[in-house]
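Single-structure report; data block below.
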Amino acid sequence: MSHDLTGPPGMPPATFLDFPLALDLDGLEADIAILGIPYGMPYRPDEMANDQSRAPDAIRQSSNMSDYTRNHFDWDLGGPLLDDRPVRVVDCGNVTADMGDHAEHYRRAEAAARKILASGAVLITLGGDHGIPIPVMRALEREEEITLVHVDAHLDWRDNVNGEPEGYSSPIRRASEMAWFGHITQIGIRGIGSARRGEVEDAQAYGADIVTAYEMHDIGMDAVLDRIPDGGPYYLTVDADGLDPTIMPAVMAQTPGGLDWMQTRKLIHGLAGKGRVLGMDLVEIAPGHDVGNITMVHAERLICNFIGATVRAGYYG
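Shown next, in the form of structure tokens:
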């Protein structure tokens, strides 16, 4: 599988927090694996490569205090990142693309994700737009039912846009069609998105628990967590525009009223405390739109909190 992966640029740090680079997925030995999937399926032939496709490497390049972040006491976690445990974290680089065959990127992404998950590792995916969870969610195929937790300003239940069914407006619709996904909780929905009344009705008919940003702020994240079924397994998909633009301004659809940092952290730790989280993705970051590196700071904190919460919950390896 190494021929379908590429390491990030040679400028240090070459990987997220300088974790070892692991491009050979056939012999992968890891507890937690990071994978970049830069390209979603485009809605127009000329838009496959965009600012969001730069995000996996931009997030890596912003993690420039590796020793400090990995080894100092982290007050978000109550100790060092890996809690002094022999946890193996690796960075698998980016899935390569074929600009002459856009769907090939998804095929390679699904194959890579299947190998990582089959190794027993928890998968952290860096996008890319919100289409890129689709091949990952396919790779999660299993007998047990997965609860999907979705953070976003938008509903993402479009069947297709311009005839394309696997773009950034459709990942939750596609998940609802996969037999291994059961309950869906959608958090932070607000403003005006691509959903029409029909998509909202379809989500409601499925039984999705749609927690608008306004309800979330009123009832608090603890109450939202109580509505997510206990026990897991879970998959978490985070669209950066689900967070408030005051902490993640580098998105294409800034919408006031999203999750703040305290709510985001509580969701991550609360979900890990409820049961096994198979993986997560962070998508829709457009590095060129950042302000004072605010988005990258919060992206690193989000990923580190997910790693730290996973380690402390013991659901890895």
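Heads up: the sequence shown begins at 788 in the working numbering, then just goes up one per residue. Using N, Cα and C, we set each Cβ at its ideal position, and we do this for glycine too. As the structure is a prediction and not an experimental result, all values here were calculated from the model.
Rank the options by C-alpha distance to the C-alpha of residue i and give the top, closest one.
| i | options | result |
| --- | --- | --- |
| Asp-1108 | Tyr-1102, Gly-1104 and Gly-1095 | Because the chain in this structure spans residues 788 to 1104, residue 1108 falls outside the shown range and cannot be described. |
| Tyr-1103 | Ala-817, Pro-843, Asn-949 and Ser-849 | Ala-817 |
| Ile-1034 | Leu-804, His-1085, Ala-801 and Ser-963 | His-1085 |
| Arg-895 | Leu-1058, Leu-822, Ile-911 and Asp-939 | Leu-822 |
| Ile-819 | Asp-1028, Gly-1075, Arg-961 and Asp-878 | Asp-878 |
| Asp-1013 | Met-1049, Val-1038, Thr-972 and Asp-813 | Thr-972 |
| Leu-864 | Thr-1082, Phe-968, Val-1078 and Gly-1060 | Gly-1060 |
| Met-1067 | Ala-884, Val-1078 and Cys-1091 | Cys-1091 |
| Ala-926 | Ala-962, Asn-949, Gly-914 and Pro-952 | Ala-962 |
| Pro-843 | Ala-1100, Arg-1088, Met-1083 and Thr-1097 | Met-1083 |
| Thr-856 | Ser-956, Ala-1100 and Arg-1088 | Arg-1088 |
| Phe-1093 | Thr-934, Asp-939 and Leu-868 | Leu-868 |
| Gly-954 | Arg-977, Glu-931, Ile-921 and Ile-933 | Ile-921 |
| Arg-977 | Leu-910, Ile-1055, Phe-860 and Asp-1031 | Asp-1031 |
| Ser-840 | Leu-815, Arg-1063 and Thr-883 | Thr-883 |
| Gly-1019 | Ile-979, Phe-803 and Leu-1058 | Leu-1058 |
| Gly-985 | Asp-943, Ile-1015, Thr-912 and Leu-935 | Asp-943 |
| Met-1049 | Gly-866, Trp-862, Ala-1040 and Trp-967 | Trp-862 |
| Gln-848 | Leu-1065, Glu-834 and Leu-804 | Leu-804 |
| Thr-1051 | Leu-1069, Gly-918, Met-1039 and Val-1078 | Leu-1069 |
| Val-1038 | Lys-902, Phe-806, His-917 and Pro-829 | His-917 |
| Asn-970 | Ala-1073, Gly-1044 and Tyr-993 | The displayed chain sequence assigns His, not Asn, to residue 970. The residue with the shortest Cα to Cα distance from His-970 is Tyr-993. |
| Gly-1075 | Asn-837, Gly-1029, His-889 and Val-987 | Asn-837 |
| Ile-824 | Asp-885, Val-876, Gly-1029 and Tyr-830 | Asp-885 |
| Leu-1046 | Arg-1063, Arg-1099, Gly-1062 and Val-938 | Val-938 |
| Ala-966 | Val-987, Glu-951 and Ile-933 | Ile-933 |
| Arg-831 | Asn-949, Ala-1100 and Ile-1081 | Asn-949 |
| Pro-1036 | Tyr-1021, Val-1011 and Asn-1080 | Asn-1080 |
May I ask which residues mark the beginning and end of the beta strand (DSSP E) holding residue i?
| i | result |
| --- | --- |
| Ala-820 | 819-824 |
| His-941 | No beta strand (DSSP E) contains His-941, which DSSP labels as neither H nor E. |
Using the DSSP secondary-structure output, state which residues sit across from residue i in a beta bridge.
| i | result |
| --- | --- |
| Thr-802 | Looking at the DSSP assignment, Thr-802 forms no beta bridge with any residue, so it has no partner. |
| Val-1098 | Paired residue(s): none; Val-1098 is not in a bridge. |
| Gly-866 | Asp-861 |
| Ile-933 | Phe-968 |
| Val-948 | Glu-951 |
| Thr-793 | Asn-881 |
Is DSSP giving residue i helix, strand or coil here?
| i | result |
| --- | --- |
| His-1085 | helix |
| Asp-861 | strand |
| Val-874 | coil |
| Leu-812 | helix |
| Met-788 | Unreliable placement is indicated for Met-788, whose pLDDT of 43 sits below 50; no coordinate value is reported for it. |
| Tyr-1103 | coil |
| Ala-926 | helix |
| Asn-837 | coil |
Which stretch, first to last residue, makes up the alpha helix (DSSP H) that contains residue i?
| i | result |
| --- | --- |
| Pro-829 | Premise fails: Pro-829 is in no alpha helix (DSSP H) and is neither H nor E. |
| Pro-843 | 842-849 |
The ligand ATP heavy atoms versus the CB of residue i: any closer than 8 Å?
| i | result |
| --- | --- |
| Leu-942 | As for the ligand ATP, it is missing from this structure, which has no ligand bound. |
Alpha helix (DSSP H) segments (min. 4 residues) lying fully within the region 955-1017: 958-963, 984-993, 1000-1006 and 1008-1014
3-residue-minimum beta strand (DSSP E) runs that sit fully inside the region 1014-1082, ordered along the chain: 1018-1026 and 1062-1070
Complete beta strand (DSSP E) runs within the region 876-919 (minimum length 3 residues, chain order): 876-882 and 909-914
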